[in-house]
Each structure stands twice: as structure tokens, then as C-alpha cells.
Ligand SMILES: *Cc1c(COP(=O)(O)O)cnc(C)c1O
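Numbering (this note's numbering), first residue to last: 50 to 454.
Here it is as C-alpha cells:
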């Protein structure tokens, strides 16, 4: 769907891309409309987005901000005000670096705990790391795979600490009829490039979902005083060029970036810009359609990998589970970086794992053991069944040392 129609597929164009957002005409129409009416920075769509997300999440109070990092930072700063002197936040050792960054920018200390085979924080490891300085636990649904959030909520209540439900990577999934993002004291979403609702590059959007009634007045004051995010027009063009049209523009971008300074990782807290809220509303409307497309690709990968039988495991997979990424674990002795290089030579895009965040005394052995063997497979919505089969076939040849490219 969407952009794919703009360019007919050809032999030269490779479909085996990572799933960076998938926009159709409505997103572009919304953008043209925002530019034309000069509603890029401010407008009514921000309120509409907050109300629609609130409705989806069963009347929780939602604040639309400029990134998941902003949501995490503002929420943690609020919790720290409720419990001064508690400075530690327990996070999974396998984690998106943005989380570490957000915890530190709130003036707090991230404390890593071990993850399980599903790459999610382990309940027993988190419990072990609770001390009298612990402010909160951040449970993440890694790549969309639900964490044991119900159990984490019980643990947090029992120990008198806060719980953050980091649903940055998954919007619209639920456990026992309760939406992810609405557990604990506050939750968050991100609308960055590799998430399931995409408004642009990191910094284009996110949301904070507040459940704790004592936290709410603090957030109302803090977030209402933020300015809306600016310079979004330029960021919009950069996202369309660098991600949505990457198959066509990658080469030019590569040379251009050699002259450019690398972008800073810091994101200044701001409210979401109206342009991004408008795009988020379009993405929300097609969430279920994209979920279906992704699940089709995941099922195909699972089926194909089980038939080729060479020790490749599709991590976190379950037949009805929506995952934002197709992660495989390579058999012991193989390393993801060299596998990635070989696949890239065959125009198959893959991505490596996050860096591990651990401490000497708590080395997070499992996370460390698997990190070098994790590889994200392409799962763009432009891929057909034959593309999935091709990727699996190439992977198998590499694993078996029969790579003839
Ligand atoms: C991406 C991500 C964030 C941060 O979101 P940004 O919008 O990039 O700031 C936070 N937590 C997790 C788990 C994420 O994957």
C-alpha cells in the first residue's frame, strides 16, 4: 500500500527493507493541508490526537509530546517530586539507549536488571535490585512483545515503588482487556521511525499516559508550559527523503552525510507539533491494517525458518502476537555483524541489536550472550512472500557456510 504505488517495482529496486514507517496518501494529504493552512506548529489536531488516544486507552489522561524521551523524562521528573531522595530507576539490561538517556536527563540513575528469553525485563531480577533508593521500575514491551506487566504492577504496589509502562514500541495491544501503556503510574508511546505509529524521525512525536492521580497536577503544570516543537517542516522533508524514499535516495544521502555533522541525540522537551499530530491521527486510523500486514510477514518468516531447520530462531514469536520487528537469534558461533555484511551485499537490509546496558556487579549474562547473535530481518510492507523466502534462503546459505555471493 501507499508509497509503493508511486514507483513500480523493478529489478533494481530492493524490497527487503527494514520497516521504517508505512505512509499512504492520507498522511501526505494531511501534511500538504497543514503546510497550506500554516498549521505546522499549532492547530486543533493536537487536542484531537489526545482525545482519540484517550478514547483508545479507555479515558486515561494523555499528553501528546514531541518524543518518547520527553514523555519518559517528564513523567520521571514528576515521580521524583512525589518521592524526593529516591534516585534509582530499574531498567532492563537489553534496552533502547533512549531510555538510559531519558532516565539520566531526569537527574536519575539507571540500574540495569537481567532480561529473559523474550528480551523483556525479568521479574525476579528486577525484584532483586529494589533498594531503599529505588524510585521506579521501567517495564518495556520489547519489540512489541508484552512484558509481565500485570506481575510488575503487583510487585511495584507491594514494594511501594512506582511503575512505568513503556509502550514506546507498541500501540493498541492489550493484556486481559487492558491496553499496554495504561499499567502502573504512567505509560508512554513513541512515534519515531521504527515504531508502530510513525510521524517522522525520533523527535517527531510521542505521548505520555498518566494514571497516577497525584502525578497528574504536576504533569498538567509541566507539560502545559511546554512550547510546541518547531522546525518540523524541515524534519518532515528529511524523514520522507531519508526513510520513505530510502530505496531511491540512499546513495545521495550517503555522500551528503559525509559532509554533514552528525545529528545530536538530545531532544528538548516540547509538545507535539500540529503537523505531527495530524499524521499521527492518520496512522492511528490504519493501525489495524498495518498490524495485519506485519503479522502476515512474521507468520511467513516463522513458517519458512521452521522448514529450513538450521538453528535460526524467530525470537518472541507467537502466531497471534503483533511484533514491531522480526528478530532472529543466530546459532551459537555465528555473529550478527558479519552476517549483516554478507546480506547487505545482496541488497538485504538488516539491523543489529541494541548495545547492552549492564554493570560489573550485575553483568546481565543472558543479554550479553545473545546480543551479538541478534539480527533484525527486513519486514517492510512492500515485501511479498517470495521476498521472505529469499531472505530465509540467503540466511541459510550464510549459516551453512555456502554463501556463494
Ligand atoms: C524508542 C523508544 C523510546 C524513546 O522514544 P523517542 O521518541 O525516540 O524518544 C523509549 N523507550 C523505548 C522502549 C523505545 O523503544
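From the three backbone atoms N, C-alpha and C, an ideal C-beta is built for every residue, glycine too.
Problem - Contained beta strand (DSSP E) runs [length at least 3] in the region 219-257, N- to C-terminal order - result: As far as the region 219-257 is concerned, its whole beta strand (DSSP E) runs of at least 3 residues are 235-239.
Exercise for the section: Count the C-beta pairs between the region 263-279 and the region 147-159 that are closer than 8 Å, then say yes if the count reaches three, no if not. Expected result: In this structure the region 263-279 does not lie against the region 147-159, because fewer than three pairs of beta carbons, one per stretch, are closer than 8 Å.
Exercise for the section: Could you check which residue in 389, 410 and 407 has the C-alpha nearest to that of residue 440? Expected result: Walking along the chain shown from the start, residue 440 turns up at place 391. Answer by Cα proximity: 389.
Practice task
Have a look at residue 300 and residue 449 and give me their C-alpha separation to the nearest angstrom.
Solution key: Indexing the chain shown from 1 puts residue 300 at position 251. Indexing the chain shown from 1 puts residue 449 at position 400. Cα to Cα, the separation comes out at about 31 Å.
Exercise for the section: Can you grab the Cα-Cα spacing for the pair residue 376 / residue 113, in whole Å? Expected result: Locating residue 376 in the chain shown gives position 327, counting from the first residue. Locating residue 113 in the chain shown gives position 64, counting from the first residue. CA-CA distance, residue 376 to residue 113, rounds to 30 Å.
Exercise for the section: Just mark residue 107 as buried or exposed, buried being the case when its beta carbon has 16 or more other beta carbons within 10 Å. Expected result: Here the question's residue 107 lines up with position 58 in the chain shown. By the neighbour-count rule (16 or more Cβ atoms within 10 Å), residue 107 is not buried but exposed.
Exercise for the section: Using beta-carbon positions only, say whether residue 229 and residue 198 come within less than 8 Å of one another. Expected result: Here residue 229 is taken as the residue at index 180 of the chain shown, counted from 1. Here residue 198 is taken as the residue at index 149 of the chain shown, counted from 1. The criterion of a C-beta distance shorter than 8 Å is satisfied by residue 229 and residue 198.
Exercise for the section: Sort out for me which residues DSSP pairs residue 160 with in a bridge. Expected result: In the chain shown, the residue the question calls residue 160 occupies position 111. DSSP lists 139 as the beta-bridge partner residues of residue 160.
Handout entry: Cβ-heavy atom distance, residue 455 to ligand 1, below 7 Å
Key = Residue numbering for the chain in the displayed model covers 50 to 454; residue 455 lies beyond these limits and cannot be assessed.
Practice task
Determine the closest residue to residue 89 out of 326, 142 and 243, with distance taken between C-alpha atoms.
Solution key: As a first step, residue 89 must be located in the chain shown, where it is residue number 40. The option with the nearest alpha carbon to residue 89 is 326.
Problem - Which residues DSSP lists as bridging residue 378, in chain order - result: Here residue 378 refers to the residue found at position 329 when the chain shown is read from its first residue. Looking at the DSSP assignment, residue 378 forms a beta bridge with 362 and 423.
Handout entry: Reference residue 416; option with closest CA among 430, 210 and 170
Key = The residue you call residue 416 lines up with position 367 of the chain shown. Of 430, 210 and 170, the smallest CA-CA separation from residue 416 is found for 170.
Exercise for the section: Locate the beta strand (DSSP E) running through residue 184, then write down its first and last residues. Expected result: Numbered from its first residue, the chain shown carries residue 184 at position 135. Taken as a continuous stretch (DSSP letters only), the beta strand (DSSP E) holding residue 184 covers 183-189.
Handout entry: Cβ-based neighbour list, residue 384, same chain, cut-off 7 Å, excluding 5 preceding and 5 following
Key = For the purposes of this step, residue 384 is taken as the residue at position 335 of the chain shown. Closer than 7 Å at Cβ, skipping near neighbours: 421 and 422.
Exercise for the section: Please find out if some non-hydrogen atom of ligand 3 comes closer than 7 Å to the beta-carbon of residue 118. Expected result: This structure simply doesn't include ligand 3; it includes ligand 1 instead.
Practice task
Return the CA-CA distance between residue 138 and residue 182, expressed in angstroms with no decimal places.
Solution key: Position 89 of the chain shown, counted from the start, is the residue given in the question as residue 138. Position 133 of the chain shown, counted from the start, is the residue given in the question as residue 182. If you take the alpha carbons of residue 138 and residue 182, they lie about 9 Å apart.
Handout entry: Own chain, CB closer than 6 Å to residue 147, minus 5 neighbours either side, in chain order
Key = Position 98 of the chain shown, counted from the first residue, corresponds to residue 147. Contacts found: 118.
Problem - Touch test, the region 235-249 against the region 257-266, Cβ-Cβ under 8 Å, three pairs minimum - result: The region 235-249, when compared against the region 257-266, does touch it at the 8 Å Cβ threshold.
Problem - Enclosing beta strand (DSSP E) for residue 175 [first to last residue] - result: Looking up residue 175 in the chain shown gives position 126. Residue range 172-177 is occupied by the alpha helix (DSSP H) that includes residue 175, with no beta strand (DSSP E) assigned at that position.
Handout entry: beta strand (DSSP E) segment containing residue 110, residue limits
Key = As a first step, residue 110 must be located in the chain shown, where it is residue number 61. Per DSSP, residue 110 belongs to the beta strand (DSSP E) from 110-114.
Problem - For residue 222, the nearest candidate out of 249, 207, 193 and 201 (CA to CA) - result: Indexing the chain shown from 1 puts residue 222 at position 173. Out of 249, 207, 193 and 201, 193 has the C-alpha closest to the C-alpha of residue 222.
Handout entry: Check: residue 249 C-beta below 7 Å from any heavy atom of ligand 1
Key = Mapped onto the chain shown, residue 249 falls at position 200. Set against 7 Å, the gap from the CB of residue 249 to the closest heavy atom of ligand 1 is not smaller.
Problem - Presumed contact (8 Å Cβ cut-off) between residue 155 and residue 142, rounded CB distance - result: One-based indexing of the chain shown puts residue 155 at position 106. One-based indexing of the chain shown puts residue 142 at position 93. Incorrect: roughly 19 Å between the Cβ atoms, too far for contact.
Practice task
Report the rounded CA-to-CA distance for residue 404 versus residue 145, giving the unit in angstroms.
Solution key: For the purposes of this step, residue 404 is taken as the residue at position 355 of the chain shown. For the purposes of this step, residue 145 is taken as the residue at position 96 of the chain shown. Going by the C-alpha atoms only, they are around 8 Å apart.
Exercise for the section: State yes or no: is the C-beta of residue 1 nearer than 7 Å to some heavy atom of ligand 1? Expected result: What is shown of the chain runs 50 to 454, which leaves residue 1 out entirely.
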